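Here is the structure we will look at.
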Amino acid sequence: MKKYFSAQLIFTNAGPPIKRGIITSGDDGTIINIEDTGGELSESASVEFHNGIIIPGFVNCHCHLELSNLKGAIPEKQGLSDFIRLVRSTRDNFDKNIISSMYSADNEMLNEGIVLCADICNTTYSFDIKKNSSIHYINLLEIFGIDPAKAERRMEELNRVTQKAHELDLLFYPVPHSVYSLSLPLFRLLREKSNSNKVTTLHFLETPFEKTFLENHNGPLITSYRKSGLITSGLETVESHSSAILDEITSSGNLILVHNTYADRDTIRAVQKRKNLFWCLCPNSNLYIENKIPPLDLLTEENCEIVIGTDSLASNKKLSIIEELKTLQCYFPSVALEELVRWATLNGAKALGEEQTFGSIEQGKKPGLLLIQNADLVNLKLTEESSVLRLL
24 MKKYFSAQLI FTNAGPPIKR GIITSGDDGT IINIEDTGGE LSESASVEFH
74 NGIIIPGFVN CHCHLELSNL KGAIPEKQGL SDFIRLVRST RDNFDKNIIS
124 SMYSADNEML NEGIVLCADI CNTTYSFDIK KNSSIHYINL LEIFGIDPAK
174 AERRMEELNR VTQKAHELDL LFYPVPHSVY SLSLPLFRLL REKSNSNKVT
224 TLHFLETPFE KTFLENHNGP LITSYRKSGL ITSGLETVES HSSAILDEIT
274 SSGNLILVHN TYADRDTIRA VQKRKNLFWC LCPNSNLYIE NKIPPLDLLT
324 EENCEIVIGT DSLASNKKLS IIEELKTLQC YFPSVALEEL VRWATLNGAK
374 ALGEEQTFGS IEQGKKPGLL LIQNADLVNL KLTEESSVLR LL
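The opening position of the sequence shown corresponds to residue 24 in my numbering, with each subsequent residue numbered one higher.
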(Lines of atoms letter the chains of each structure in order from A; the text may use other names.)
(Lines give C-alpha, C1' and ligand atoms only; values in the text may rest on other atoms or scores of the structure.)
Protein backbone atom coordinates (compact mmCIF):
# COMPACT_ATOMS: atom_id res chain seq x y z
CA MET A 24 0.00 0.00 0.00
CA LYS A 25 1.35 3.40 -0.97
CA LYS A 26 1.87 6.14 1.60
CA TYR A 27 1.76 9.88 0.97
CA PHE A 28 3.65 12.44 3.06
CA SER A 29 3.75 16.23 2.93
CA ALA A 30 5.06 19.08 5.08
CA GLN A 31 5.64 22.80 5.01
CA LEU A 32 9.07 22.09 3.52
CA ILE A 33 10.88 19.08 2.10
CA PHE A 34 14.68 18.96 1.94
CA THR A 35 15.34 16.28 -0.68
CA ASN A 36 19.10 16.90 -1.15
CA ALA A 37 18.39 16.46 -4.85
CA GLY A 38 17.29 20.02 -5.58
CA PRO A 39 16.01 23.14 -3.82
CA PRO A 40 13.59 22.78 -0.89
CA ILE A 41 10.05 21.95 -1.95
CA LYS A 42 7.10 23.77 -0.36
CA ARG A 43 4.21 21.47 0.57
CA GLY A 44 5.27 18.81 -1.92
CA ILE A 45 4.05 15.23 -1.77
CA ILE A 46 6.30 12.21 -1.27
CA THR A 47 4.91 8.84 -2.31
CA SER A 48 6.50 5.73 -0.84
CA GLY A 49 5.92 2.00 -1.05
CA ASP A 50 5.33 -0.44 1.81
CA ASP A 51 9.06 -1.14 2.10
CA GLY A 52 10.01 2.55 2.31
CA THR A 53 11.12 2.90 -1.30
CA ILE A 54 10.48 6.38 -2.68
CA ILE A 55 8.11 6.14 -5.64
CA ASN A 56 7.57 9.80 -6.48
CA ILE A 57 8.19 13.36 -5.28
CA GLU A 58 5.61 15.86 -6.49
CA ASP A 59 6.35 19.58 -6.46
CA THR A 60 2.93 21.19 -5.93
CA GLY A 61 4.33 24.70 -6.20
CA GLY A 62 3.23 25.22 -2.62
CA GLU A 63 -0.43 24.73 -3.52
CA LEU A 64 -1.42 21.57 -1.67
CA SER A 65 -5.09 20.64 -1.91
CA GLU A 66 -6.62 18.70 0.98
CA SER A 67 -6.62 14.95 0.56
CA ALA A 68 -7.53 12.23 3.03
CA SER A 69 -4.69 10.08 1.72
CA VAL A 70 -1.92 12.64 2.31
CA GLU A 71 -0.33 12.76 5.76
CA PHE A 72 0.52 16.46 6.26
CA HIS A 73 2.99 17.65 8.90
CA ASN A 74 3.89 21.10 10.22
CA GLY A 75 7.64 20.89 9.91
CA ILE A 76 10.43 19.89 7.55
CA ILE A 77 10.73 16.44 6.00
CA ILE A 78 14.33 15.28 5.48
CA PRO A 79 16.06 11.97 4.68
CA GLY A 80 17.12 9.70 7.54
CA PHE A 81 20.26 10.68 9.44
CA VAL A 82 23.67 9.09 8.88
CA ASN A 83 25.90 8.69 11.92
CA CYS A 84 29.48 8.54 10.65
CA HIS A 85 31.11 7.84 14.02
CA CYS A 86 29.86 5.84 16.96
CA HIS A 87 31.19 3.39 19.60
CA LEU A 88 28.24 1.21 20.54
CA GLU A 89 30.56 -0.89 22.72
CA LEU A 90 31.06 2.01 25.13
CA SER A 91 27.35 2.52 25.85
CA ASN A 92 27.68 1.09 29.37
CA LEU A 93 30.04 3.96 30.26
CA LYS A 94 27.33 6.62 30.06
CA GLY A 95 27.97 9.10 32.87
CA ALA A 96 30.94 7.08 34.16
CA ILE A 97 33.69 9.43 32.98
CA PRO A 98 33.91 13.04 34.18
CA GLU A 99 33.53 15.83 31.64
CA LYS A 100 36.20 18.25 30.43
CA GLN A 101 39.21 16.33 31.78
CA GLY A 102 41.10 16.25 28.48
CA LEU A 103 41.78 13.40 26.10
CA SER A 104 44.67 11.76 27.98
CA ASP A 105 42.60 11.25 31.14
CA PHE A 106 39.59 10.21 29.09
CA ILE A 107 41.58 7.47 27.32
CA ARG A 108 43.08 6.27 30.60
CA LEU A 109 39.65 6.00 32.22
CA VAL A 110 38.10 4.23 29.23
CA ARG A 111 41.02 1.79 29.14
CA SER A 112 40.75 1.02 32.85
CA THR A 113 37.02 0.26 32.68
CA ARG A 114 36.51 -1.41 29.32
CA ASP A 115 38.89 -4.30 30.03
CA ASN A 116 36.44 -5.65 32.60
CA PHE A 117 33.37 -7.17 30.94
CA ASP A 118 30.32 -5.46 32.38
CA LYS A 119 27.17 -7.59 32.58
CA ASN A 120 25.26 -4.45 31.53
CA ILE A 121 27.21 -3.96 28.31
CA ILE A 122 24.79 -5.95 26.14
CA SER A 123 21.64 -4.32 27.52
CA SER A 124 23.20 -0.87 27.26
CA MET A 125 24.07 -1.50 23.60
CA TYR A 126 20.51 -2.60 22.87
CA SER A 127 19.26 0.62 24.49
CA ALA A 128 21.73 2.73 22.50
CA ASP A 129 20.74 1.05 19.24
CA ASN A 130 17.09 1.76 20.01
CA GLU A 131 17.89 5.36 20.95
CA MET A 132 19.60 5.94 17.60
CA LEU A 133 16.67 4.39 15.77
CA ASN A 134 14.24 6.71 17.56
CA GLU A 135 16.52 9.65 16.79
CA GLY A 136 16.15 8.98 13.07
CA ILE A 137 19.51 7.34 12.37
CA VAL A 138 19.23 4.91 9.46
CA LEU A 139 22.91 4.30 8.69
CA CYS A 140 25.77 4.12 11.19
CA ALA A 141 29.54 3.60 11.03
CA ASP A 142 30.36 1.91 14.33
CA ILE A 143 33.79 1.30 15.82
CA CYS A 144 34.36 -2.25 17.05
CA ASN A 145 37.22 -3.42 19.27
CA THR A 146 35.41 -6.63 20.21
CA THR A 147 32.59 -8.80 18.89
CA TYR A 148 30.13 -7.79 21.64
CA SER A 149 27.90 -5.68 19.39
CA PHE A 150 27.69 -8.04 16.41
CA ASP A 151 24.49 -9.92 17.28
CA ILE A 152 22.67 -6.66 18.03
CA LYS A 153 23.64 -5.19 14.68
CA LYS A 154 22.73 -8.34 12.80
CA ASN A 155 19.11 -7.85 13.90
CA SER A 156 18.94 -4.05 14.01
CA SER A 157 16.75 -1.85 11.81
CA ILE A 158 19.78 0.43 11.44
CA HIS A 159 22.19 -0.41 8.61
CA TYR A 160 25.61 -0.70 10.26
CA ILE A 161 29.08 -0.54 8.79
CA ASN A 162 31.42 -2.19 11.27
CA LEU A 163 34.83 -0.57 11.56
CA LEU A 164 37.09 -3.14 13.20
CA GLU A 165 39.53 -0.88 14.97
CA ILE A 166 43.09 -1.72 15.97
CA PHE A 167 45.53 0.08 18.24
CA GLY A 168 48.86 -0.69 19.84
CA ILE A 169 51.73 1.72 20.36
CA ASP A 170 54.35 -0.89 21.30
CA PRO A 171 56.09 -1.99 18.07
CA ALA A 172 57.09 -5.29 19.69
CA LYS A 173 53.41 -6.23 19.98
CA ALA A 174 52.32 -5.35 16.44
CA GLU A 175 51.96 -8.97 15.30
CA ARG A 176 49.96 -9.84 18.42
CA ARG A 177 47.59 -6.95 17.80
CA MET A 178 46.99 -8.18 14.25
CA GLU A 179 46.19 -11.64 15.56
CA GLU A 180 43.57 -10.10 17.86
CA LEU A 181 42.09 -8.20 14.91
CA ASN A 182 41.97 -11.38 12.85
CA ARG A 183 39.83 -13.09 15.51
CA VAL A 184 37.31 -10.23 15.42
CA THR A 185 37.40 -10.30 11.62
CA GLN A 186 36.62 -14.01 11.58
CA LYS A 187 33.49 -13.52 13.70
CA ALA A 188 32.30 -10.69 11.44
CA HIS A 189 32.77 -13.02 8.46
CA GLU A 190 30.76 -15.76 10.14
CA LEU A 191 27.84 -13.39 10.75
CA ASP A 192 28.08 -11.95 7.23
CA LEU A 193 28.49 -8.40 8.54
CA LEU A 194 29.75 -5.51 6.47
CA PHE A 195 33.12 -4.55 7.96
CA TYR A 196 36.49 -2.92 7.32
CA PRO A 197 39.68 -3.02 9.43
CA VAL A 198 40.74 0.50 10.47
CA PRO A 199 43.39 2.24 12.60
CA HIS A 200 42.46 4.12 15.77
CA SER A 201 44.73 7.17 15.55
CA VAL A 202 48.24 8.39 14.78
CA TYR A 203 49.08 8.44 18.49
CA SER A 204 47.96 4.89 19.26
CA LEU A 205 49.55 2.80 16.50
CA SER A 206 53.22 1.99 16.09
CA LEU A 207 54.67 2.36 12.63
CA PRO A 208 55.02 -1.44 12.20
CA LEU A 209 51.35 -1.86 13.11
CA PHE A 210 50.31 0.83 10.64
CA ARG A 211 52.13 -1.05 7.89
CA LEU A 212 50.70 -4.46 8.79
CA LEU A 213 47.22 -2.94 8.79
CA ARG A 214 47.78 -1.23 5.45
CA GLU A 215 48.27 -4.64 3.83
CA LYS A 216 45.07 -5.98 5.39
CA SER A 217 42.97 -2.94 4.49
CA ASN A 218 44.07 -2.43 0.88
CA SER A 219 40.57 -3.13 -0.44
CA ASN A 220 38.64 -1.02 2.11
CA LYS A 221 35.72 0.98 0.81
CA VAL A 222 35.73 2.99 4.05
CA THR A 223 38.52 3.78 6.51
CA THR A 224 38.36 6.07 9.53
CA LEU A 225 40.95 7.66 11.80
CA HIS A 226 40.57 9.66 15.02
CA PHE A 227 42.35 12.87 14.03
CA LEU A 228 43.70 15.92 15.87
CA GLU A 229 41.60 15.40 19.01
CA THR A 230 44.19 17.07 21.23
CA PRO A 231 47.05 19.55 20.69
CA PHE A 232 49.37 16.99 22.29
CA GLU A 233 49.15 14.65 19.30
CA LYS A 234 51.74 16.71 17.45
CA THR A 235 53.99 16.90 20.52
CA PHE A 236 53.78 13.14 20.82
CA LEU A 237 54.77 12.50 17.20
CA GLU A 238 57.49 15.15 17.02
CA ASN A 239 59.21 14.68 20.39
CA HIS A 240 57.74 11.52 21.94
CA ASN A 241 56.76 13.44 25.06
CA GLY A 242 53.73 15.12 26.59
CA PRO A 243 50.59 13.85 28.37
CA LEU A 244 49.96 11.01 25.93
CA ILE A 245 53.35 9.37 26.43
CA THR A 246 53.04 9.90 30.19
CA SER A 247 49.69 8.10 30.12
CA TYR A 248 51.15 5.20 28.13
CA ARG A 249 54.07 4.77 30.50
CA LYS A 250 51.85 4.84 33.58
CA SER A 251 49.69 2.16 32.05
CA GLY A 252 52.67 -0.02 31.12
CA LEU A 253 51.77 0.03 27.42
CA ILE A 254 55.31 0.72 26.21
CA THR A 255 57.90 -1.99 26.85
CA SER A 256 60.23 -1.27 23.93
CA GLY A 257 61.36 1.74 21.91
CA LEU A 258 58.84 3.93 20.11
CA GLU A 259 58.38 3.81 16.35
CA THR A 260 55.68 6.22 15.18
CA VAL A 261 54.65 7.95 11.99
CA GLU A 262 56.48 11.22 11.36
CA SER A 263 53.40 13.43 11.18
CA HIS A 264 49.65 13.48 10.63
CA SER A 265 50.13 14.12 6.92
CA SER A 266 52.64 11.28 6.48
CA ALA A 267 50.18 8.92 8.18
CA ILE A 268 47.41 9.92 5.77
CA LEU A 269 49.47 10.02 2.60
CA ASP A 270 51.97 7.21 3.20
CA GLU A 271 50.81 4.75 5.87
CA ILE A 272 47.02 4.40 5.53
CA THR A 273 45.43 2.57 2.64
CA SER A 274 44.59 4.78 -0.33
CA SER A 275 41.65 2.53 -1.12
CA GLY A 276 38.13 3.94 -0.87
CA ASN A 277 36.98 6.84 1.32
CA LEU A 278 38.85 8.09 4.38
CA ILE A 279 36.93 9.77 7.22
CA LEU A 280 38.95 11.87 9.67
CA VAL A 281 37.09 12.00 12.96
CA HIS A 282 36.91 14.90 15.46
CA ASN A 283 39.41 17.41 13.95
CA THR A 284 39.10 19.49 17.10
CA TYR A 285 42.57 20.99 16.67
CA ALA A 286 42.76 20.97 12.88
CA ASP A 287 44.99 23.70 11.45
CA ARG A 288 45.20 25.10 7.95
CA ASP A 289 48.62 23.66 7.09
CA THR A 290 47.64 20.13 8.09
CA ILE A 291 44.29 20.40 6.31
CA ARG A 292 45.97 21.48 3.09
CA ALA A 293 48.64 18.80 3.35
CA VAL A 294 46.20 15.91 3.81
CA GLN A 295 43.72 17.20 1.22
CA LYS A 296 46.04 15.64 -1.35
CA ARG A 297 44.37 12.39 -0.36
CA LYS A 298 41.36 11.79 -2.60
CA ASN A 299 37.91 10.87 -1.25
CA LEU A 300 38.51 12.56 2.10
CA PHE A 301 35.75 13.43 4.59
CA TRP A 302 35.87 15.29 7.91
CA CYS A 303 33.59 14.02 10.67
CA LEU A 304 32.51 16.39 13.43
CA CYS A 305 31.20 15.18 16.81
CA PRO A 306 30.89 18.54 18.58
CA ASN A 307 29.10 17.38 21.72
CA SER A 308 31.80 14.80 22.37
CA ASN A 309 34.53 17.39 21.79
CA LEU A 310 32.91 19.66 24.37
CA TYR A 311 32.55 16.73 26.79
CA ILE A 312 36.21 15.69 26.56
CA GLU A 313 38.26 18.79 25.66
CA ASN A 314 35.67 21.56 26.14
CA LYS A 315 36.50 22.74 22.63
CA ILE A 316 34.59 22.93 19.36
CA PRO A 317 36.12 22.01 15.95
CA PRO A 318 37.09 24.93 13.66
CA LEU A 319 34.15 24.52 11.29
CA ASP A 320 34.71 27.89 9.64
CA LEU A 321 38.28 26.90 8.74
CA LEU A 322 37.19 23.50 7.45
CA THR A 323 34.53 25.02 5.20
CA GLU A 324 36.98 27.70 3.98
CA GLU A 325 39.25 24.86 2.88
CA ASN A 326 36.35 23.11 1.10
CA CYS A 327 36.41 20.08 3.38
CA GLU A 328 33.56 17.61 2.97
CA ILE A 329 31.81 17.61 6.35
CA VAL A 330 29.93 14.66 7.89
CA ILE A 331 28.47 14.23 11.37
CA GLY A 332 28.89 11.67 14.17
CA THR A 333 27.71 11.22 17.74
CA ASP A 334 30.76 9.40 19.17
CA SER A 335 29.88 7.23 22.20
CA LEU A 336 27.84 7.53 25.37
CA ALA A 337 31.15 7.55 27.24
CA SER A 338 31.59 11.10 25.92
CA ASN A 339 28.06 12.16 25.05
CA LYS A 340 24.75 12.36 26.85
CA LYS A 341 22.70 11.26 23.88
CA LEU A 342 23.23 9.55 20.51
CA SER A 343 21.34 12.17 18.54
CA ILE A 344 22.39 13.75 15.26
CA ILE A 345 19.94 16.62 15.62
CA GLU A 346 21.56 17.52 18.97
CA GLU A 347 24.93 17.67 17.18
CA LEU A 348 23.42 19.98 14.56
CA LYS A 349 21.96 22.23 17.26
CA THR A 350 25.42 22.58 18.80
CA LEU A 351 27.02 23.44 15.46
CA GLN A 352 24.28 26.00 14.75
CA CYS A 353 24.84 27.54 18.19
CA TYR A 354 28.56 28.07 17.56
CA PHE A 355 28.29 28.76 13.82
CA PRO A 356 24.91 30.48 13.28
CA SER A 357 25.70 31.51 9.72
CA VAL A 358 25.56 27.91 8.48
CA ALA A 359 22.24 27.30 6.74
CA LEU A 360 19.95 24.59 8.06
CA GLU A 361 19.80 22.98 4.63
CA GLU A 362 23.58 22.61 4.66
CA LEU A 363 23.61 21.16 8.19
CA VAL A 364 21.04 18.60 7.08
CA ARG A 365 23.04 17.76 3.97
CA TRP A 366 26.15 17.06 6.08
CA ALA A 367 24.13 14.76 8.33
CA THR A 368 22.45 12.87 5.49
CA LEU A 369 23.78 12.92 1.92
CA ASN A 370 27.42 13.67 2.77
CA GLY A 371 27.40 10.89 5.34
CA ALA A 372 25.90 8.43 2.88
CA LYS A 373 28.57 9.34 0.33
CA ALA A 374 31.36 8.98 2.90
CA LEU A 375 30.13 5.48 3.75
CA GLY A 376 29.62 4.51 0.11
CA GLU A 377 25.86 4.05 0.60
CA GLU A 378 24.46 6.98 -1.39
CA GLN A 379 22.61 4.66 -3.78
CA THR A 380 20.18 3.88 -0.95
CA PHE A 381 20.51 6.60 1.68
CA GLY A 382 21.05 10.36 1.95
CA SER A 383 18.51 11.90 -0.40
CA ILE A 384 14.81 11.67 -1.17
CA GLU A 385 14.81 10.39 -4.72
CA GLN A 386 12.87 7.85 -6.72
CA GLY A 387 14.07 4.30 -6.09
CA LYS A 388 15.96 5.05 -2.86
CA LYS A 389 15.07 3.92 0.68
CA PRO A 390 16.53 6.80 2.71
CA GLY A 391 14.02 6.84 5.55
CA LEU A 392 11.94 9.95 6.16
CA LEU A 393 12.21 12.21 9.21
CA LEU A 394 10.17 15.19 10.31
CA ILE A 395 12.03 18.04 11.98
CA GLN A 396 9.55 19.37 14.52
CA ASN A 397 9.54 22.73 16.32
CA ALA A 398 11.96 24.40 13.92
CA ASP A 399 11.83 28.11 13.14
CA LEU A 400 10.21 27.84 9.71
CA VAL A 401 10.48 31.57 9.05
CA ASN A 402 14.24 31.87 9.55
CA LEU A 403 14.96 28.19 8.84
CA LYS A 404 16.76 27.53 12.11
CA LEU A 405 16.67 24.81 14.69
CA THR A 406 15.42 25.78 18.12
CA GLU A 407 16.18 24.30 21.53
CA GLU A 408 12.89 22.40 21.26
CA SER A 409 13.59 20.98 17.80
CA SER A 410 13.39 17.20 17.53
CA VAL A 411 12.87 14.55 14.87
CA LEU A 412 9.96 12.20 14.36
CA ARG A 413 10.47 9.08 12.27
CA LEU A 414 7.95 8.87 9.42
CA LEU A 415 9.59 5.95 7.59
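The C-beta atom is built at its ideal place from N, Cα and C for all residues, glycine as well.
Note that this is a predicted model, so its numbers are computed, not measured.
Boundaries (first-last residue) of the beta strand (DSSP E) holding residue i
i: asparagine 74; result: 70–79
i: proline 199; result: 195–199
i: phenylalanine 381; result: No beta strand (DSSP E) contains phenylalanine 381, which DSSP labels as neither H nor E.
i: tyrosine 160; result: 159–166
i: phenylalanine 227; result: 222–227
i: isoleucine 329; result: 329–331
Per DSSP, the bridge partner or partners of residue i
i: alanine 30; result: His73
i: arginine 413; result: Leu393
i: histidine 282; result: Phe227
i: threonine 47; result: Tyr27, Asn56
i: isoleucine 97; result: None, per the DSSP bridge assignment.
i: isoleucine 137; result: Phe81
i: asparagine 277; result: Val222
i: leucine 205; result: Gly168
i: lysine 42; result: Leu32
Endpoints, the alpha helix (DSSP H) within which residue i is located
i: arginine 297; result: Neither: arginine 297 is in no alpha helix (DSSP H) and is coded neither H nor E.
i: histidine 189; result: 174–190
i: threonine 147; result: Counting along the chain, threonine 147 falls outside any alpha helix (DSSP H), and DSSP gives it neither H nor E.
i: proline 306; result: 306–312
i: valine 401; result: That residue, valine 401, is in no alpha helix (DSSP H); it is neither H nor E in DSSP.
i: glutamate 324; result: 319–324
Buried versus exposed call for residue i [16 or more other C-beta atoms within 10 Å across all chains shown]
i: valine 281; result: buried
i: lysine 119; result: exposed
i: lysine 153; result: buried
i: aspartate 129; result: buried
i: histidine 240; result: exposed
i: lysine 25; result: exposed
i: glutamate 408; result: exposed
i: valine 364; result: buried
i: valine 401; result: exposed
i: cysteine 327; result: buried
Straight-line Cα distance separating residue j from residue i
i: isoleucine 33; j: glutamate 385; result: 12 Å
i: glutamate 325; j: alanine 374; result: 18 Å
i: arginine 183; j: asparagine 220; result: 18 Å
i: isoleucine 97; j: glycine 52; result: 39 Å
i: threonine 323; j: aspartate 399; result: 24 Å
Counting Cβ pairs, one atom from each stretch, are 3 or more of them under 8 Å apart for the segment 162–176 and the segment 191–210?
Contact holds: three or more Cβ-Cβ distances are below 8 Å.
Please determine if the segment 95–107 and the segment 223–234 are in contact, where contact requires at least 3 C-beta pairs separated by less than 8 Å.
yes
With contact counted as at least three CB pairs below 8 Å, one residue from each stretch, are the segment 299–310 and the segment 324–343 in contact?
yes
Using a Cβ distance threshold of 8 Å, determine whether the segment 359–377 contacts the segment 260–267, with at least three qualifying pairs required.
no
Does the structure place the segment 197–216 close enough to the segment 168–178 that three or more beta carbon pairs sit under 8 Å?
yes
Could you check whether the segment 335–349 touches the segment 129–144, counting it as contact only if at least three pairs of C-beta atoms, one from each stretch, sit closer than 8 Å?
Under the three-pair Cβ rule at 8 Å, the segment 335–349 counts as touching the segment 129–144.
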